[in-house]
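Right, one structure below, let's go through it.
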Amino acid sequence: MESAPVSCSLCGDVRDPSDPAALAWAGERDERGRDRWLCPGCTRRHTRDIEARLPVEWW
C-alpha cells in the first residue's frame, strides 16, 4: 500500500522520496492529530516561529 504524497503545508511543494533532500523535511502533528509537513525552505524561513511554538496564523 502506497502512502499519499507529502506536500508542504505552507507553499505546497511536493516531496520526492527519492531525493536525498527529502530527509530535511520537518513534520509535526497539529492539535487535531493531523500530520503537517514543511519543506526545507519553509522550515528555514520559519525556524524562530517553530521554536517559539507560535500559531501558524502568526507566521
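No gaps in the numbering here: position 59 of the sequence shown is 1322 in the working numbering, and each next residue is one more. Just so you know, even glycine gets a beta-carbon here, dropped at the ideal spot from N, CA and C.
By DSSP's assignment, R1299 forms a beta bridge with E1291. Apart from sequence neighbours up to five positions away, the residues of its chain that approach C1274 with a beta-carbon distance below 6 Å are C1305, ordered along the chain.
Here L1286 is exposed, its C-beta having fewer than 16 other C-beta atoms within 10 Å. Judged by DSSP in its simplified three-state form, V1319 adopts helix. Around the C-beta of L1301, 16 or more other C-beta atoms lie within 10 Å, and the residue is accordingly described as buried.
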